[in-house]
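Heads up: the first sequence begins at 29 in the numbering used here, then just goes up one per residue. The C-beta atom is built at its ideal place from N, Cα and C for all residues, glycine as well. The structure displayed is predicted, hence computed values, not measured ones.
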Amino acid sequence: MLDLAYVRNNLDAVAARLATRGASAGLEQFRELDRKRRAAITEAEQLKAQSNAQSQKIGQMKRQGLDTTAEQEAVRASKARVAALEEEQKAFEDGFRELLAGIPNLPHESVPVGKSEADNVEVRRVGEPRQFDFAPKAHWDLGPELGILDLERAAKITGARFALYWDMGAKLERALINFMLDVHTREHGYTEVLPPFMVNSRSLFGTGQLPKFQEDLFKCEGQDLWLIPTAEVPVTNIYAGETLEADALPVKLCAYTPCFRSEAGSYGRDVRGIIRVHQFQKVELVKFTRPEASYDELEKLTADAEDILRRLDLPFRTIVLSTGDMGFSSAKTYDIEVWLPGQNGYKEISSCSNYEAFQARRASIRFRGGKKAEYLHTLNGSGLAVGRTWVAIIENFQQRDGTVVIPAALRPYLNEEVIRPRK
RNA sequence: GGAGAGGUGGCUGAGUGGUCGAAAGCAGCGGUUUGCUAAACCGUCGUAGGGUCAUAAGCUCUACCGGGGGUUCGAAUCCCCCCCUCUCCGCCA
29 MLDLAYVRNN LDAVAARLAT RGASAGLEQF RELDRKRRAA ITEAEQLKAQ SNAQSQKIGQ
89 MKRQGLDTTA EQEAVRASKA RVAALEEEQK AFEDGFRELL AGIPNLPHES VPVGKSEADN
149 VEVRRVGEPR QFDFAPKAHW DLGPELGILD LERAAKITGA RFALYWDMGA KLERALINFM
209 LDVHTREHGY TEVLPPFMVN SRSLFGTGQL PKFQEDLFKC EGQDLWLIPT AEVPVTNIYA
269 GETLEADALP VKLCAYTPCF RSEAGSYGRD VRGIIRVHQF QKVELVKFTR PEASYDELEK
329 LTADAEDILR RLDLPFRTIV LSTGDMGFSS AKTYDIEVWL PGQNGYKEIS SCSNYEAFQA
389 RRASIRFRGG KKAEYLHTLN GSGLAVGRTW VAIIENFQQR DGTVVIPAAL RPYLNEEVIR
449 PRK
């Protein structure tokens, strides 16, 4: 959510910046709705002030033993009008809040202006894609051949876009989770948390998934409980409604969670394998920072995520998303893309964003800087998506004989150096 | 799931129909005193949204005592529903 006073007083500038991300709609109504809303508030409150004064007077008169029948009747008579005005006020307030809550974040000035992902800009490329002296296989062939990935039975148990891992497949997934958590907590200074995997709608509003992106989520029928699409939601909301001490910042948290996404509207994309599934595991990094530090912290957070790929000897590139490709709540986003031989290209494995005060305002997360509490900045990024890391390892380190060599950094977590076909 | 107790400002904790946005204490902030620290003393000290206005200060109004309804001229206080916490029982990993 944008700052109301800022939008009101810089409407043209806000409109211009939103236009760069193709989101100008709504701002024309803003001024008009804001005006109507304030008029309604003023009118309703004036009448309420009158009634309150009358009621106080009645109290005084009663103490003096005076008859107050006429005064009581007068207040009672104005009640209907107060109720009508309040209703009108509420309607304007609701409409206005909805409008404000539906406006996406303003892109940071360093973000390249563009219409789509075609305008994203590569900022660095690390590692060389391996030259195979045989035709490398995609994980959807290699996984089943090794007996570690079983998509057919997963479809039987649950449905399409779910995965069942066997033996070394399951162990590789678990090893990756432990490896990532250990690196981030021991070497990058993050505190590990294990949050609920279901959240309420208030939390989803706080991070920006609701009200606009309900169709991407799984909801428990008849209850205000939703499966988390990312750990960002429960972890960012840890401090919802709270005010942190300035010297506690930055707060750096990391969490392993499964993530559940309906993938509505992605029919036909990444249909093979486990690149895009309804349930995947992720280790997430979340930061709460002072406003002036958030862009430095975004660089560090991105580097922390990249470090996992470096340690696993996986080639990757980092791109900065253009204004046209950024998520709703983000002011700036880096995507990290890992090289996948099966796709002969780079594929997103992490998304690192600075939300500035956008989420903090929605979730009401502040810090006490000077005298007054002010909104802090929130950031998060995958560190990393575990399922796609699994794919990257299988595909990048496959051998001619169909085995997979485990990268050195991961061997202590697996007690194996090679994944061989399961008998 | 059953029975009971409770949810008030940063914290503790008063307040059962009007003058209560809310006593008191602690913490915080400003100051006096002090060689320094401590203590003492004085003052100040909630949030959000309107109006006035310079997007300031100040003044003023409205709302907020877990959330939502209701009764009443008037609700922290009375009634109803819901949520959360604690204790006991049952069940369960």
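Residue nearest to residue i in terms of C-alpha spacing, selected from the options
| i | options | result |
| --- | --- | --- |
| Phe-356 | Leu-313, Asp-341, Pro-239, Asn-424 | Pro-239 |
| Val-432 | Glu-126, Leu-170, Gln-57 | Leu-170 |
| Gln-307 | Arg-338, Val-446, Thr-258 | Thr-258 |
| Val-446 | Arg-104, Gly-197, Ile-131, Phe-124 | Gly-197 |
| Lys-310 | Gly-370, Asn-372, Ala-276, Ile-377 | Ile-377 |
| Ala-401 | Ser-392, Asn-408, Gly-409 | Ser-392 |
| Phe-386 | Thr-330, Asn-265, Gly-430, Lys-451 | Asn-265 |
| Tyr-403 | Ala-388, Glu-423, Asp-429, Gly-411 | Ala-388 |
| Phe-233 | Glu-260, Tyr-218, Val-221, Asn-443 | Glu-260 |
| Leu-329 | Thr-406, Pro-286, Ala-276, Gly-352 | Thr-406 |
| Arg-396 | Pro-319, Tyr-295, Pro-435 | Pro-319 |
| Pro-286 | Gln-84, Ser-410, Glu-327, Gly-352 | Ser-410 |
| Pro-262 | His-216, Arg-289, Ser-290, Val-314 | Val-314 |
| Arg-448 | Val-35, His-216, Gly-175 | Gly-175 |
| Leu-30 | Phe-316, Glu-270, Pro-132 | Pro-132 |
| Leu-438 | Gly-370, Arg-339, Gln-88, Arg-450 | Arg-339 |
| Gly-187 | Thr-317, Arg-390, Ile-302 | Ile-302 |
CB-CB length for residue i against residue j, believed under 8 Å
| i | j | result |
| --- | --- | --- |
| Gln-426 | Lys-165 | 6 Å |
| Val-366 | Arg-416 | 7 Å |
| Val-414 | Ile-205 | 6 Å |
| Tyr-383 | Ser-358 | 6 Å |
| Thr-346 | Tyr-362 | 6 Å |
| Pro-135 | Arg-49 | 6 Å |
| Leu-272 | Met-226 | Contact doesn't hold; Cβ gap of about 25 Å is too wide. |
| Asn-408 | Glu-334 | Incorrect: roughly 15 Å between the Cβ atoms, too far for contact. |
| Leu-368 | Glu-325 | At roughly 29 Å, the Cβ-Cβ gap does not stay under 8 Å, so Leu-368 and Glu-325 are not in contact. |
| Val-103 | Ser-79 | 6 Å |
| Arg-189 | Arg-109 | That belief does not hold up - the Cβ atoms of Arg-189 and Arg-109 are roughly 56 Å apart, past 8 Å. |
| Ala-43 | Leu-55 | 5 Å |
| Ile-86 | Glu-99 | 5 Å |
With 16 other Cβ atoms within 10 Å as the buried cut-off, status of residue i
| i | result |
| --- | --- |
| Pro-440 | exposed |
| Asp-122 | exposed |
| Leu-231 | Before going further, note that residue 231 is Ser rather than Leu in the sequence given. Classification of Ser-231: buried, given that the 10 Å Cβ count is 16 or more. |
| Gln-117 | buried |
| Phe-160 | exposed |
| Ser-294 | exposed |
| Tyr-193 | buried |
| Val-149 | exposed |
| Gln-251 | exposed |
| Val-151 | exposed |
| Gln-237 | buried |
Within the chosen definition, does the region 143-152 reach the region 274-283 through at least 3 CB pairs nearer than 8 Å?
The way I'd put it, the region 143-152 doesn't touch the region 274-283; fewer than three beta-carbon pairs between them come closer than 8 Å.
In chain order, each beta strand (DSSP E) run of at least 3 residues that lies wholly inside the region 248-290:
Correct list: 271-273, 279-288.
Could I get the ranges of all uninterrupted beta strand (DSSP E) runs contained in the region 197-248, with 3 residues as the minimum, in chain order?
Correct list: 219-221.
Which parts of the region 317-365 are runs of the alpha helix (DSSP H), unbroken and 4 residues or longer, counting only runs that do not cross its ends?
Every alpha helix (DSSP H) stretch that sits fully inside the region 317-365 and reaches 4 residues is listed by chain position as 322-339.
Does the region 122-132 come close enough to the region 53-66 that 3 or more CB-CB pairs lie under 8 Å?
Contact between the region 53-66 and the region 122-132 is present, with at least three C-beta pairs closer than 8 Å.
At 3 residues or longer, and completely inside the region 366-444: list those beta strand (DSSP E) runs for me, N to C.
With a minimum length of 3 residues, the continuous beta strand (DSSP E) runs that stay inside the region 366-444 are 373-382, 394-396, 401-403, 405-413.
Would you call the region 199-214 and the region 247-256 touching, i.e. three or more CB-CB distances under 8 Å?
The region 199-214 vs the region 247-256: no contact.
Taking only runs of the beta strand (DSSP E) that begin and end inside the region 145-189, which ones reach a length of at least 3 residues, in chain order?
Uninterrupted beta strand (DSSP E) stretches at least 3 residues long and entirely within the region 145-189 occur at 149-154, given in chain order.
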